[in-house]
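*Asks:*
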Amino acid sequence: MIVTLIVARAAAGTPSVEARFDVPFTPGQTVLDGLRYVRTHADPSLAFRYSCINANACKECMMVIDGKVAYACTTRLHEGVQHLAPLPNKRLVSDLVTEIAPPDERLFPRSQ
Amino acid sequence: MIHLQTDVLIIGAGGAGMYAAIEAAKAGSQVLLVDRSLIGRGGATVMAMMTVAAALGEQCPDSWENHFADTLAAGQGLCDEALSAILCEEGVTRIREMDDWKVGWAREDGHIKQAHAPGHDRPRCVYVDFLNTGPAVSKTLRGKVKNTTGVRRIGDVFIVDITVQDGVACGATGFHMESGEAVTLAAKSVIIATGGLTRLYGRNSASLNMGGDGYALALRAGAELIDMEFVQFFPIGHLAPRLVGLDPIMWDPFRYKLGGTLYNGLMETFEDNYATGPTRSDGNYVLTRDKATYAIFKEVEAGRGSPAGGAYLSFQHVPEAELRRNFGPVIDTLASNGIDLTKGPIEVAPIAHYHMGGVRVDASFSTAVPGLFVCGEAVGGANGANRLSGNGITEALAFGARAGQSAAAYAHTHMLCWTAHAAAATLDLLARRAQSRTANPAQMIAQLQALMASHVGPFRTQAKLEAALAEIDALADAVGDAPLASGLPFDAMLIDWLDLRNMVQVARSVVIAALARTESRGAHQREDFPGRDDAWTLNQVSALRGGVVELVARLPRTQLESVA
Numbered sequence: 000m001i002v003t004l005i006v007a008r009a010a011a012g013t014p015s016v017e018a019r020f021d022v023p024f025t026p027g028q029t030v031l032d033g034l035r036y037v038r039t040h041a042d043p044s045l046a047f048r049y050s051c052i053n054a055n056a057c058k059e060c061m062m063v064i065d066g067k068v069a070y071a072c073t074t075r076l077h078e079g080v081q082h083l084a085p086l087p088n089k090r091l092v093s094d095l096v097t098e099i100a101p102p103d104e105r106l107f108p109r110s111q
Numbered sequence: 000m001i002h003l004q005t006d007v008l009i010i011g012a013g014g015a016g017m018y019a020a021i022e023a024a025k026a027g028s029q030v031l032l033v034d035r036s037l038i039g040r041g042g043a044t045v046m047a048m049m050t051v052a053a054a055l056g057e058q059c060p061d062s063w064e065n066h067f068a069d070t071l072a073a074g075q076g077l078c079d080e081a082l083s084a085i086l087c088e089e090g091v092t093r094i095r096e097m098d099d100w101k102v103g104w105a106r107e108d109g110h111i112k113q114a115h116a117p118g119h120d121r122p123r124c125v126y127v128d129f130l131n132t133g134p135a136v137s138k139t140l141r142g143k144v145k146n147t148t149g150v151r152r153i154g155d156v157f158i159v160d161i162t163v164q165d166g167v168a169c170g171a172t173g174f175h176m177e178s179g180e181a182v183t184l185a186a187k188s189v190i191i192a193t194g195g196l197t198r199l200y201g202r203n204s205a206s207l208n209m210g211g212d213g214y215a216l217a218l219r220a221g222a223e224l225i226d227m228e229f230v231q232f233f234p235i236g237h238l239a240p241r242l243v244g245l246d247p248i249m250w251d252p253f254r255y256k257l258g259g260t261l262y263n264g265l266m267e268t269f270e271d272n273y274a275t276g277p278t279r280s281d282g283n284y285v286l287t288r289d290k291a292t293y294a295i296f297k298e299v300e301a302g303r304g305s306p307a308g309g310a311y312l313s314f315q316h317v318p319e320a321e322l323r324r325n326f327g328p329v330i331d332t333l334a335s336n337g338i339d340l341t342k343g344p345i346e347v348a349p350i351a352h353y354h355m356g357g358v359r360v361d362a363s364f365s366t367a368v369p370g371l372f373v374c375g376e377a378v379g380g381a382n383g384a385n386r387l388s389g390n391g392i393t394e395a396l397a398f399g400a401r402a403g404q405s406a407a408a409y410a411h412t413h414m415l416c417w418t419a420h421a422a423a424a425t426l427d428l429l430a431r432r433a434q435s436r437t438a439n440p441a442q443m444i445a446q447l448q449a450l451m452a453s454h455v456g457p458f459r460t461q462a463k464l465e466a467a468l469a470e471i472d473a474l475a476d477a478v479g480d481a482p483l484a485s486g487l488p489f490d491a492m493l494i495d496w497l498d499l500r501n502m503v504q505v506a507r508s509v510v511i512a513a514l515a516r517t518e519s520r521g522a523h524q525r526e527d528f529p530g531r532d533d534a535w536t537l538n539q540v541s542a543l544r545g546g547v548v549e550l551v552a553r554l555p556r557t558q559l560e561s562v563a
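The structure is reproduced here in structure tokens:
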């Protein structure tokens, strides 16, 4: 099966550009699996956060998937098109990465 | 460039790093706790769903010496007994302290409940329901660190090198992942708390940040590694159907609570064919992790594997109400993955889970480099050739506390010795980063993981290890000394390149130690040298020589006279 991931890519302060990636998958695989496939096979520069991979323990891979805030590690891929965007209420860092650390855990604590 | 200074710098904010921060601050030091991930979110601790071994004597009478004896037996003659003793004795203090901090150890009949995990002589392992041990430990420590005066926490900081001045650790150098800015951190003492190396393997239960980076940091700083050949494979990692939202090693506690049964592809039980010890009176399983891994691999090799290439694990004999009582809300997570344990078995197979080897330290958790300390899984030696189930979190907390105390004591008696010159080589490396349209470091990491899985798994031969060494050295040449980068904030290519640089160095240290050890013991099984050879009851040490990791010493076993 193939899913087309349409990713809103941008660095802070620049307009976002849609990037399209066709990703082969088997049923049960997740959006995070798809993003990792993109980085390994298509574009090693695509930025997204994750740590625990698929255990849903670290809670770092939150993003907007088809219009809803969700964890990439537990949202399944499906045939057709899936839209991915960064969290809207956090400061954008790059691509799907936003500043999600609590303010007192940041290098620059005074940034928003 | 950002420059910060502190008394004690701790790299890695998992269970060990956070405990070290608490203890170092308690001893009066200013502490800087940094992690490349978020604080208390990355690493192994937060993923641990299982049990924690400590001789509390709550379930039945026990003493730390009993736990120590089981740890040494599992380690098959190779434990650094001074470290094992700290794990077992001070683990009790730390587990009690976590209870005081309201981590929520499961209780029954007014006492902390202790489960009987394999390899232990009695019920000794505490846990937090349901499958919540690691998240609960992490959350408790995050709260405790946050409320500890004198600790500053910073996430998204990637440490590239320990910074060394005249052979003494004087801080660390790296960059801020969000902005890409270089960061230099001056410290009187430095603690590496970055966990193990299981990300080297394709199938692993590790977090992203466990590619052995702490070992590489220690090596380049001038420290030594020990027991690097011993990688623990967890026998019943989840294999199929695809399971998300849970750690792949989640099945084990249910096996010892409910007696889940392993079958091969022919639906025959097979564990007894591989057991060498007596069976337990309650009929529950007895194989330690290394033997169970061996049993499943051998069944698959003999053509008796399950369809996805492992073994079946069944709970079908357990009534549905009891499954619900034991699994709690986990039953619903399983259902969302299409798994109904009353209807059929799931498939499991060995998965890279833990690394017994690591940085060589003394009982104060100090390395060969003055000012450089290590704690948690990054420490080598406490668990010998095979780690006893339940010792992972215990060592994180016990070693973290000790290293925090030692590093604070060191900081009290030493001055900052930072010089800009000491950081220059690392800053030069980062400045050399260049964009590439052809190379893909993420793909090269995947290539290394596939190689380690196929050639340096638990069952090894000279031919496979030599082939692996050649490919690793070729990969190291391909990595080169000019970082690849995308040039964007949160630079995925630069992060992958720096990880790969560490991973090839650490992979080499595993392979050369595995090649040299011409016997089979614990997690290291040589198909061309079956069986244990008492002449190999020794520990291998590696270090950098001319920029390349080499074996540098063989140490006779260290026995703790007062206990043994």
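Chains as they are written, first to last, in numbering that gives the first Met the number 0: chain A, 0 to 111; chain B, 0 to 563.
Just so it is clear, CB atoms sit at the ideal spot from N, CA and C, and this is done for glycine as well.
Treat the numbers as computed from the prediction; the structure is a model and nothing was measured.
#1: Give the residues of chain B in contact with Q28 of chain A, contact being defined as C-beta atoms less than 7 Å apart.
#2: Indicate whether V125 of chain B and I94 of chain B have their beta-carbon atoms separated by less than 8 Å.
#3: Take S206 of chain B as the anchor and find which of A:R48, A:R75, A:V63 and A:R19 has the nearest alpha-carbon.
#4: At the 8 Å Cβ level, is R19 of chain A part of the contact set with chain B, yes or no?
#5: Would H454 of chain B be called buried (16 or more neighbouring beta carbons within 10 Å of its own) or exposed?
#6: Please report whether the beta-carbon of A54 of chain A lies at a distance below 8 Å from any beta-carbon of chain B.
#7: Counting only beta-carbon atoms, is M227 of chain B nearer than 8 Å to chain A?
#8: In chain B, which residues lie less than 8 Å from T73 of chain A when you measure between Cβ atoms?
#9: Apply the 10 Å Cβ neighbour rule to R106 of chain B and answer buried if 16 or more other Cβ atoms are within range, or exposed otherwise.
#10: Can you tell which of B:P122, B:G545, B:P349 and B:V167 has its C-alpha closest to the C-alpha of N203 of chain B?
#11: Is there a Cβ from chain A that is less than 8 Å from the Cβ of H354 of chain B?
#12: Starting from the beta carbon of S93 of chain A, find every residue of chain B whose beta carbon is closer than 7 Å, and list them in chain order.
#13: Here's the rule I'm using: 16 or more other beta-carbon atoms within 10 Å means buried, otherwise exposed. How should A402 of chain B be labelled?
#14: Identify the residues that DSSP records as bridge partners of I350 of chain B: which are they?
#15: Taking only beta carbons into account, state which residues of the region 145–161 of chain B come closer than 9 Å to chain A, listed in chain order.
#16: Work out the CA separation of L245 of chain B and H316 of chain B for me, nearest whole Å.
#17: For E104 of chain A, which residues in chain B fall below 8 Å Cβ to Cβ?
#18: If contact is defined by three or more beta carbon pairs under 8 Å, each pair taking one atom from either stretch, is the region 212–224 of chain B in contact with the region 346–360 of chain B?
#19: Would you please state the rounded distance, in angstroms, between the beta carbons of A52 of chain B and H115 of chain B? I believe it to be under 8 Å.
#20: Exposed or buried, N53 of chain A, counting other C-beta atoms within 10 Å across all chains shown (16 or more means buried)?
#21: According to DSSP, which residues form a beta bridge with D160 of chain B?
#22: Shortest alpha-carbon distance to A192 of chain B belongs to which of B:M176, B:M209, B:R500 and B:P344?
#23: Can you tell me whether DSSP reads R38 of chain A as helix, strand or coil?
#24: Express the C-alpha separation of I85 of chain B and P529 of chain B in angstroms, rounding to a whole number.
#25: Kindly list, in the order they appear in chain B, the residues whose Cβ is closer than 7 Å to that of V96 of chain A.
#26: Pull the bridge partners of L184 of chain B from the DSSP assignment, please.
#27: Can you give me the Cβ contacts of V63 of chain A inside the same chain, cut-off strictly under 6 Å, excluding the 5 residues immediately before and after it?
#28: Does the beta-carbon of K187 of chain B have 16 or more other beta-carbons within 10 angstroms, so that it is buried, or is it exposed?
#29: What does L45 of chain A touch in chain B if you count any residue whose Cβ is under 8 Å from its own?
#30: In angstroms, rounded to a whole number, what distance separates the CA positions of D42 of chain A and P122 of chain B?
#31: So, are the CB atoms of L537 of chain B and R525 of chain B less than 8 Å apart?
#32: Assuming contact is defined by CB atoms lying nearer than 8 Å, are T11 of chain B and G154 of chain B in contact in what I supplied?
#33: Taking the straight line between their C-alpha atoms, what separation do you get for G375 of chain B and E78 of chain A?
#34: I'd like to know whether the C-beta of E59 of chain A is nearer than 8 Å to at least one C-beta of chain B.
*Replies:* Walking through what the data contain:
#1: In chain order: R241.
#2: Result yes, Cβ atoms of V125 of chain B and I94 of chain B sit closer than 8 Å.
#3: The shortest C-alpha separation from S206 of chain B is found at A:R48.
#4: Cβ-Cβ to chain B under 8 Å: no for R19 of chain A.
#5: That one is buried.
#6: Contact with chain B is found for A54 of chain A, since one of that chain's Cβ atoms lies less than 8 Å from the residue's Cβ.
#7: No - not a single Cβ of chain A is within 8 Å of the one on M227 of chain B.
#8: Here the neighbours are V243 and G244.
#9: Label assigned to R106 of chain B: exposed.
#10: Checking every option, the nearest Cα to that of N203 of chain B belongs to B:P349.
#11: It does not: the Cβ of H354 of chain B has no partner Cβ on chain A nearer than 8 Å.
#12: Correct list: L487, P488 and F489.
#13: Taking every protein chain shown into account, the CB of A402 of chain B has 16 or more other CB atoms within 10 angstroms, so this residue is buried.
#14: Within the DSSP bridge table, the entry for I350 of chain B names B:F233 as partners.
#15: If you check each beta-carbon in the region 145–161 of chain B against every beta-carbon of chain A, the ones closer than 9 Å belong to K145, R151, R152, I153, G154, D155 and V156.
#16: Rounded to the nearest angstrom, the two C-alpha atoms are 23 Å apart.
#17: Within chain B, L37, I38, R152, I153 and G154 have C-beta atoms less than 8 Å from the C-beta of E104 of chain A, given in sequence order.
#18: The region 346–360 of chain B vs the region 212–224 of chain B: in contact.
#19: Not confirmed; about 11 Å, so no contact.
#20: N53 of chain A should be labelled buried.
#21: DSSP output for D160 of chain B lists B:T172 as bridge partner(s).
#22: Considering only alpha carbons, the answer is B:M209.
#23: In this structure, R38 of chain A counts as helix in the three-state DSSP scheme.
#24: The alpha-carbon atoms of P529 of chain B and I85 of chain B are separated by roughly 32 Å.
#25: Listed by position along chain B, the residues whose Cβ is nearer than 7 Å to that of V96 of chain A are F489.
#26: Beta-bridge pairing links L184 of chain B to B:L3 and B:A171.
#27: A84.
#28: Counting of Cβ neighbours within 10 angstroms places K187 of chain B among the buried residues, the total reaching 16 or more.
#29: For the C-beta of L45 of chain A, the chain B residues within less than 8 Å are, from N- to C-terminus, A491.
#30: So the alpha carbons of these two residues sit roughly 50 Å apart.
#31: Against a cut-off of 8 Å, the Cβ pair of R525 of chain B and L537 of chain B comes out as no contact.
#32: For the record, residue 11 of chain B in the displayed sequence is Gly; it is not Thr. The answer is no: Cβ separation not under 8 Å.
#33: Their backbone Cα atoms lie some 43 Å apart in a straight line.
#34: Yes, E59 of chain A lies at the interface with chain B (some Cβ there is under 8 Å from its Cβ).
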